[in-house]
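Reading through the structure tokens given below for one structure.
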Amino acid sequence: MRFDGDTYQRVLGEELRKLRRRRGWTRKELNQHLQSEISLQTLATYELGTRQCSVVRLVELCLAMDELPQDLLAKVHRRVFTDEPGRVRLDLTRVIADSQPELLPLRRWAEGRLAQTGEQASAEIQLDLAAVERMAELCGIPTVDLLARLRALAGPAA
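Take a look at the structure:
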């Protein structure tokens, strides 16, 4: 199993942000529930996944939001390492950033999907084989070729 620390950190940040938003808190309100001093900028970088969070700080954040740290880490782990059988994991931001001309219809779809779901949704989705077959048809390439390209876009965490 390969481990991509950047992906893991980004997904952890997304889960922390979801947890805070489910409580209806701003970062400032979360900060008021913490036992130690932390800047709002630091909280933001944790949620963006651009700064690593120590284990102690992660536990503090989880406890402030009434979440068991092991439950949060289990969600992150499932998102990073587990694909449902018969489904393909796809990072919409990587699809949008790709420049392969054959994937233009897929890029347009990914842009629309992200615009539709907004900032709160994850950029990672899972597609069933029927959806991949339809996308391959739209791109004018064989399904096997599209699957190989999607796996390549998924990077080392796949």
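Under the numbering used here, the first residue of the sequence shown carries the number 2, and numbering increases by one thereafter.
Backbone N, C-alpha and C define an ideal beta-carbon position, used for all residues, glycine too.
Grab me the residues of Asp146's own chain with a C-beta within less than 8 Å of its C-beta, minus the 5 sequence neighbours each way, in chain order. So the qualifying residues of the chain are Ala137.
Status (buried if at least 16 other CB within 10 Å, exposed otherwise) for Glu125: Answer is buried; the Cβ neighbour count reaches 16.
Would you identify the three-state DSSP class for Leu91, choosing helix, strand or coil? In the three-state scheme derived from DSSP, where H, G and I count as helix and E and B as strand, Leu91 is classed as strand.
Would you give the residue range spanned by the beta strand (DSSP E) that Glu125 belongs to? It spans Glu125 to Asp129 - the beta strand (DSSP E) in which Glu125 sits, taken as one unbroken run.
Identity of the residue in Asp72, His78 and Arg21 nearest Gln10 by Cα: The residue among Asp72, His78 and Arg21 with its C-alpha nearest the C-alpha of Gln10 is His78.
Does Glu112 pass the burial test, meaning 16 or more other C-beta atoms within 10 Å, or should it be called exposed? An exposed status is given to Glu112, since fewer than 16 other beta-carbon atoms sit within 10 Å of its beta-carbon.
When the Cα of Ala65 is compared with those of Ala132, Thr144 and Trp26, which residue comes out closest? Cα-wise, what sits closest to Ala65 is Trp26.
Same chain only: Cβ atoms within 6 Å of Pro31, ignoring 5 sequence neighbours per side: In the sequence under discussion, the amino acid at residue 31 is Leu, which differs from the Pro named in the question. Excluding residues up to 5 positions away in sequence, Arg21 lie with their Cβ nearer than 6 Å to the Cβ of Leu31 in the same chain.
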